[in-house]
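Please read the structure below before turning to the comments.
Residue numbers (this note's numbering): 442 to 660.
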């Protein structure tokens, strides 16, 4: 009996295309990369998983660290950031960047010139001194499963701390003793599904061709 190797190969290919489309449509990489010099403690910035406790001094480091918070949130109400307001109905991603040295050791750790790159345009930053803007938005934007703090003195940026927004990048400079600096970054969220529709359609078309071919062969 002649084996239909060609048909089986096409079936495997079609299944693979459909699986890839589903995987790509659900994939999301909000905080893409970070680069720049080491801190005065000799440590590079890094991207981490969201901590269980987003509090000071439980989570400490010697260089800037960042993590993703809620992703793909459609705002039910406007939210305020340092220099403006993001309108209700905007689909956003949220991220936290912080530098929080352990108690003791060097009096101050400086980490400047750190460039964070996101998958979407930076809409705004919440960095006010007591962290009031961060706290006001945590119920909507905070990472699921993480516990956050109420506002307190010097939670955000102060002194020579600074940031510069340029499209989907954020250049950050921080210097901390105790407590550390914590800022929330809100970016425009991408809608990944439409980009995968051509791939998904190709898989469906190939499956349809296989069905037609099988029907024709049995006629």
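The beta-carbon is built from N, C-alpha and C at its ideal position, and this holds for glycine as well.
For clarity, every value in this text was computed on a predicted model and none was experimentally measured.
CA nearest to the CA of residue 567, picked from 601, 608, 532, 525: For this step, residue 567 is matched to residue 126 along the chain shown. The option with the nearest alpha carbon to residue 567 is 525.
Is it buried or exposed for residue 617, if we count other Cβ within 10 angstroms and need 16 for buried? Translated into the one-based positions of the chain shown, residue 617 becomes position 176. It is buried - the Cβ of residue 617 has at least 16 other Cβ atoms within 10 Å.
Assign residue 544 to one of two classes, buried (16 or more other C-beta atoms within 10 Å of its C-beta) or exposed (fewer than that). Within the chain shown, the letter at position 103 stands for residue 544. Under this definition residue 544 is an exposed residue.
Residue 480 classed as buried or exposed, judged by whether at least 16 other C-beta atoms fall within 10 angstroms: In the chain shown, the residue the question calls residue 480 occupies position 39. That one is buried.
Using 8 Å as the threshold, is the C-beta distance between residue 564 and residue 550 below it? Position 123 of the chain shown holds residue 564. Position 109 of the chain shown holds residue 550. Not closer than 8 Å, so no.
Mark residue 535 as exposed unless 16 or more other C-beta atoms lie within 10 angstroms of its C-beta, in which case mark it buried. Here residue 535 is taken as the residue at index 94 of the chain shown, counted from 1. Residue 535 is buried by the Cβ-count criterion.
By DSSP, does residue 573 sit in helix, in strand, or in coil? Translated into positions along the chain shown, residue 573 becomes position 132. It is helical.
In its own chain, which residues sit with a C-beta less than 8 Å from the C-beta of residue 604, not counting the 5 before and 5 after it? Translated into positions along the chain shown, residue 604 becomes position 163. Closer than 8 Å at Cβ, skipping near neighbours: 566, 568, 598, 611, 612, 613, 614, 624.
State buried or exposed for residue 632, treating a residue as buried only when at least 16 other CB atoms are found within 10 Å of its CB. As a position in the chain shown, residue 632 is number 191, starting the count at 1. So residue 632 counts as exposed.
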